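Okay, structure first, notes after.
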Amino acid sequence: MSEGSLQEVFIKRSQQKKKTSPLNYKERLFVLTEDRISYYDYDAEKQKKKSLKGFVELEKVKCVETVTPDDGAPPERQFPFQIIYDEGPLYVFARNDVIRKQWIHSLKHMVRIFNKDQMQKYHPCFWEDGVWKCCQQAVKQAIGCRVLESRNGGFRFDGSRRTTRKPLPPTPDEDKPPRPPPPQPPQPPTTSQGMTVIAQYEYTPTTPQDLELRKDEEYTILEMSDPNWWKARDKYGKEGYIPSNYVIEGTNSLDKYDWYCKGTNRSQAEHLLKTENKDGGFLVRDSSKAGKYTVSVFTKAGGEIAGCCRHYNICTTQQGLFYLAEKHNFATIPELINYHQHNAAGLVSRLKHIVSNKAKSAPSTAGLGYGIWEIDPHHLTFIKELGSGQFGVVKYGKWQGQHDVAIKMIKEGSMSEDDFIDEAKVMMKLRHENLVQLYGVCTKQRPIYIVTEYLSNGCLLNYLRETLQSPHPVQLLEMCKDVSEGMAYLESQQFIHRDLAARNCLVDGSGTIKVTDFGLSRYVLDDEYTSSVGSKFPVRWSPPEVLNYCKFSSKSDVWAYGVLMWEIYTLGRMPYERLNNTEIVDKVSGGLRLYRPQLANEKVYSVMSSCWREKPEDRPTFQDLSASVQDLLYEMQ
Ligand code: ADP
Ligand code: MG
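Here you go:
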């Protein structure tokens, strides 16, 4: 055994990898070596190490923290701690607090060397029988409900965002009524006060329980049990609920700089820069490579009247310093930007004008205020008709005279309303930047209304056919990426769309694609639409197992995603345009697949084709797909 390794007998809790597997507690000898923590069967009488039972590589550990002991736990289980890695938490009970502290300290220290990608939030209580006891979330991967007092990972300076993977979003708790103020989670002894956050956007309260947010001001978080609406206190001591996606933690982030356009991709950056049309206009955005940043600059140099955009990746030296075109190194990104605001130093132009997307586009909130899902129709004003679909007319309007909304007026007899109203409570809690947000419903009158986020560029299919002209290959791939991320979220929530297609995606003002109408097809009352032999059934987007046995799954959504990629790359052609529905069922079951669109290269085509594998289990998941698309994007930049 290497020198300096620690060993100790602890009680280990079984890991309940399946919901149904029973909990048990066994004595194991734990050994901490350079790169792993291993545990062995142990002969207490002879004090001898026996066979190896398992180990966790330190490289995979994302967090080490204490756990609040269960009420009434026996004396030998009063000092638990958790080692969180890919497969979830490993719970270990130390004999006393001194040993526990020593191990947590050593583990944290060693883990930091291996893995900078550390969690910033954790669950202070146990995961048990399929639920987190602290926040009642029922998904094991659900992001922690408490912020770590002492940060785990290697946080160093502005913008050193080490997370390569997005934390899994919160999950809806299906059996409960919508957002009652939940009980306070038990407080572990270490945490005494809430964290400070900074508002990124203005938020005007929409209910008496809400709290106003003023951009750039600090707020203290008091309660986080609802993942979408946190209780907070402002600097005057006023308390209320705020949309959790309107604030960011602490002050150590690029978010406070106007030049940092979070969530902006290459084509959106070009769009912003070209709209501004100023020589030396610039912004900083997330690079397609996770955790990295890109500076996008607009220039009219070289006599081009239209101007053009250049993109520079911010590189890091081995010492962790930042530089752009030439090696002028800086400890932080803001310092680097400041330097290039005064010196071109290898760039096509000095960074002269900040181009920002801030404040123009506050993101949508989950619901229109804390606890609102039934909307008073008197608060809606109708402005114009947007189109009509399966359920009737869709209108653009305002809620309370100021918030843009789209209102679906459900034609009577077209929807199984009570079932939908039940489900709407679940759908309200789905929140992702690539899903059209459901804001609420008006169910006290007929026709009932479904109120959602409004997207000014309308339906993707029309956008592909009419608006896009000679699109850049990166732009098409970015659309695919948007959809794959929205769908990966639905997949993580075990929510099946059932009607994914370009007609069910919408485009916002800056070109971001969002998926809509998820799960709605279940409530359609129209046999032509719901029966797989009906004339309105989405046969062209359906895999063989749906056509033949109506077997829907996230993998049937994956098939549809492949067809949607094909629609994007053909700029909105009808799939299998020469075949009718009956012919399609026959031929697709017999192995026919869509051809490679001219705009799609072999790599792109191989991603879309992988969605059309005969057996559902052979198809990639949405998580795989978004990673593949991301890789292709990276190669293109
Ligand atoms: P349905 O789901 O009832 O079939 P659609 O969702 O197809 O209806 O809506 C009909 C049309 O209304 C769409 O093609 C689109 O142009 C427009 N539309 C629907 N929802 C929105 C929205 N949230 N924002 C902007 N336009 C929308
Ligand atoms: Mg639709």
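Everything in the sequence shown is counted per full-length UniProt numbering, starting at 1 for the first residue and increasing by one. Beta carbons are placed, not taken as given, at the ideal position from N, Cα and C, and that holds for glycine. Predicted model, so just to flag it, every value in this text is computed and none were measured.
Can you tell me whether residue i is buried or exposed, with buried defined as 16 or more other CB within 10 angstroms of its CB?
i    : result
S626 : buried
R578 : exposed
V247 : buried
Q82  : buried
D557 : buried
L283 : buried
V451 : buried
P620 : buried
M110 : buried
M574 : exposed
R498 : buried
Y561 : buried
H342 : exposed
L29  : buried
Q141 : exposed
D508 : buried
G159 : Annotation note: pLDDT 30 at G159 (below 50); position unreliable, no value reported.
Give the range of the beta strand (DSSP E) segment to which residue i is assigned.
i           : result
I407        : 403-409
V56         : 48-57
Y203        : Looking at the DSSP string, Y203 is not in any beta strand (DSSP E), and its letter there is neither H nor E.
residue 640 : The chain is shown only over 1 to 637; residue 640 falls outside these bounds and no answer can be derived.
E385        : 380-389
A232        : 229-233
P334        : From DSSP, P334 is part of no beta strand (DSSP E) but of the alpha helix (DSSP H) over 333-342.
Would you say residue i touches the ligand ADP, meaning its beta carbon is less than 7 angstroms from a heavy atom?
i           : result
S609        : no
D482        : no
V451        : no
G562        : no
C459        : yes
K408        : yes
D515        : Note that residue 515 is Val in the sequence shown here, rather than Asp. Incorrect: V515 has no Cβ contact closer than 7 angstroms to the ligand ADP.
L455        : yes
V61         : no
residue 650 : Outside the displayed span of the chain (1 to 637) sits residue 650, for which this structure offers no information.
P394        : Checking the sequence, you will find Val at residue 394 rather than Pro. At least one heavy atom of the ligand ADP is nearer than 7 angstroms to the Cβ of V394, so yes.
L500        : no
L386        : yes
Provide the residue span of the alpha helix (DSSP H) that contains residue i, from first to last.
i    : result
F282 : Premise fails: F282 lies in the beta strand (DSSP E), 281-286, not in any alpha helix (DSSP H).
T317 : Here T317 belongs to no alpha helix (DSSP H), and DSSP marks it neither H nor E.
G478 : Looking at the sequence itself, residue 478 is Glu, so the reference to Gly does not match. 473-492 is the extent of the alpha helix (DSSP H) around E478.
D557 : 554-569
S606 : 602-610
T275 : 266-276
Q630 : 622-636
I421 : 417-428
Could you tell me whether the Cβ atoms of residue i and residue j are closer together than 8 angstroms?
i           : j    : result
Y122        : R100 : no
V515        : L500 : yes
residue 640 : Q15  : Look at the range of the chain in this structure, 1 to 637, and you will see that residue 640 is not part of it.
H403        : L430 : no
G307        : N265 : no
A488        : L461 : no
V563        : L594 : yes
G291        : L324 : no
S510        : H340 : no
F55         : I84  : no
G42         : K49  : The question names Gly, yet the displayed sequence has Tyr at residue 42. Cβ distance < 8 angstroms, so Y42 and K49 count as in contact.
L632        : K603 : yes
E614        : P544 : yes
E65         : L148 : yes
I198        : D216 : yes
I407        : L380 : yes
V629        : N581 : no
P243        : W229 : yes
Hey, is residue i close to the ligand MG, as in C-beta under 7 angstroms from one of its heavy atoms?
i    : result
G509 : no
R503 : yes
Q437 : no
G389 : yes
D526 : no
D557 : no
D419 : no
Is any non-hydrogen atom of the ligand ZN found closer than 7 angstroms to the C-beta of residue i, if you look at the structure I gave you?
i   : result
D35 : With respect to the ligand ZN, the structure shown offers nothing to examine, as its ligands consist of the ligand ADP and the ligand MG.
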